[in-house]
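Trainee:
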Amino acid sequence: MPELPEVETIVQDLNKKIKGKRISKVNVRLKRIVKSENFVKVLIGNSVKEALRRGKLIIFKLEKENNYLLVHLRMTGQVIYQQNNRITAGGHSDNNDNLKELPNKHSHVIIYFTDGSKLFFNDQRQFGVLKIVNAKRLQEEKKKFGIEPLSREFNTKYLENLIKNKKKNIKAFLLDQKYIAGIGNIYADETLFRAGVSPTRRVDSLTKNEIKKIAESVKIILKKAIQARGTTFNNYVDADGNQGSFVNFLKIYGRGGKECKKCKTILKKIKVAGRGTVCCPKCQK
DNA sequence: CTTCTTGTTACTGA
DNA sequence: ATCAGTAACAAGAA
0 MPELPEVETI
10 VQDLNKKIKG
20 KRISKVNVRL
30 KRIVKSENFV
40 KVLIGNSVKE
50 ALRRGKLIIF
60 KLEKENNYLL
70 VHLRMTGQVI
80 YQQNNRITAG
90 GHSDNNDNLK
100 ELPNKHSHVI
110 IYFTDGSKLF
120 FNDQRQFGVL
130 KIVNAKRLQE
140 EKKKFGIEPL
150 SREFNTKYLE
160 NLIKNKKKNI
170 KAFLLDQKYI
180 AGIGNIYADE
190 TLFRAGVSPT
200 RRVDSLTKNE
210 IKKIAESVKI
220 ILKKAIQARG
230 TTFNNYVDAD
240 GNQGSFVNFL
250 KIYGRGGKEC
260 KKCKTILKKI
270 KVAGRGTVCC
280 PKCQK
């Protein structure tokens, strides 16, 4: 599941690959994925100035007329860059089919560049979204997101102010993109385990020290995950088709029923905020 | 066959 | 207004 670290990895990779490349052709094989009428028209003849990220959203700044291509991968979306019939940029993958011939049956949009390279948007579940927006609309889209957790402004004090007068549980709060942008199920669970806070705790019950721990843990976990080029829990792959290695550092996600790495207590799998949630009843209070 | 999975939005009822 | 819960979206794994 592409969350902030996975999207960041993809964006960094793509930035090295497609800056300045001009689009010669666009093939929309599944119309539902594309939410803009002018999608093909805007892209053809345009070029990519740079790739950016806001939360889990990929933003391609286009050269012409202040337009932007927005890509949200949702659960199973992939953005794969292919040059000379060899894959050099990755995304979330399933069945390692990114290593096979592209396009495959999940390749819903293909962007062709004038130098012969291609960008594939693949999505098994077809929940991903591609659209074209202008500068004004981009600002509106960006405004829906809360603070970037890796920004300087995000610290204990900021988080303290953010949760003021809120009554949600902390897991639902961390997952809510309008408060903090980019955290999904994996990193919410890992963050709360590291902070020693139960996912079911209401935010108005947290002590100042717990808030501090959570703010610090968010940053540390996300930074480490980016360093590891993301989490390949199922099938995510990095720029060279290799797996993101953060799966080796997961302490809690996907480990329900197994022993806690800290205290050997059997980890609980529960449902919080409508999401499968793993926590240690002893380490997380 | 059923159930579960994940991100997001929409909707319900409290 | 705020919050919890659930359905919906689609496809596949178990």
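Each residue of the first sequence is one higher than the one before, starting from 0 at the first, in numbering that gives the first Met the number 0.
C-beta: ideal position from N, C-alpha, C; glycine also.
(1) Alpha carbon to alpha carbon, what distance is there between LYS218 and SER204?
(2) Taking Cβ positions, are GLY127 and LEU72 nearer each other than 8 angstroms?
(3) Report all residues from its chain with a CB closer than 8 angstroms to the CB of VAL271; omit the five preceding and five following residues, and keep chain order.
(4) What are the partner residues of CYS355, as DSSP defines its beta bridges?
(5) Nearest CA to the CA of ASN247: which residue from TYR157, HIS105, GLU189?
(6) Based on Cα-Cα distance, which residue from LYS207, LYS223, VAL39 lies nearest to LYS250?
(7) With distances taken Cα to Cα, identify the nearest neighbour of LEU191 among ILE220, LEU68, ASN37.
(8) Return the first residue and the last residue of the beta strand (DSSP E) that ASN14 is part of.
(9) Tell me whether GLY156 is buried or exposed, calling it buried when 16 or more other Cβ atoms sit within 10 Å of its Cβ.
(10) Please go through the same chain and pick out, in chain order, the residues whose beta-carbon is closer than 6 angstroms to the beta-carbon of ILE225, but skip the five residues on each side of it.
(11) Look at GLU258 and ILE265 and say whether their C-beta atoms are less than 8 angstroms apart.
(12) Which of the three DSSP states, helix, strand or coil, is assigned to PHE59?
(13) Please classify ALA50 as buried or exposed, where buried requires at least 16 neighbouring CB atoms within 10 angstroms.
(14) Please return the same chain residues whose Cβ sits closer than 7 angstroms to the Cβ of ASP114, not counting the five positions on each side in sequence.
(15) Give the DSSP bridge partners of GLU49, in chain order.
(16) Less than 8 angstroms between C-beta atoms, sequence neighbours within five positions excluded: which residues of the same chain meet that for LEU137?
(17) Whether or not the segment 139-147 and the segment 31-48 are in contact is what I'm after, with contact meaning three or more pairs of Cβ atoms, one per stretch, closer than 8 angstroms; do they touch?
(18) Could you give the DSSP three-state label for GLY273: helix, strand or coil?
(19) Please list, in chain order, all residues of the same chain as ASN154 whose beta carbon is under 8 angstroms from its beta carbon, the five residues on each side excluded.
(20) Round the Cβ separation of LEU81 and LEU101 to the nearest angstrom and send it over; I've been treating them as touching at under 8 angstroms.
(21) For a quick check, are the C-beta atoms of CYS278 and LYS261 less than 8 angstroms apart?
(22) How is ASP122 classed by DSSP in three states: helix, strand or coil?
(23) What would DSSP say about GLN226, mapped onto helix, strand or coil?
(24) Suppose the cutoff is 6 angstroms on Cβ atoms and the five residues either side in sequence are ignored; what does the same chain contact list for LYS212 look like?
(25) Secondary structure at ILE213, three-state DSSP: helix, strand or coil?
Mentor: Once the coordinates are examined:
(1) 22 angstroms
(2) yes
(3) ASN168, LYS170, ALA171, PRO198, THR199
(4) Nothing can be reported for residue 355: it is not among the residues displayed for the chain, which extend from 0 to 284.
(5) GLU189
(6) LYS223
(7) ILE220
(8) No beta strand (DSSP E) holds ASN14; the alpha helix (DSSP H) holding it covers 3-17.
(9) For the record, residue 156 in the displayed sequence is Lys; it is not Gly. Its Cβ having fewer than 16 others within 10 Å, LYS156 is exposed.
(10) PRO4, GLU7
(11) yes
(12) strand
(13) buried
(14) LYS20
(15) LYS60
(16) ILE58, TYR67, LEU69
(17) no
(18) coil
(19) ALA214
(20) The question names Leu, but residue 81 is Gln in the sequence shown. About 6 angstroms separates the two Cβ atoms, so the contact holds.
(21) no
(22) strand
(23) helix
(24) ALA194
(25) helix
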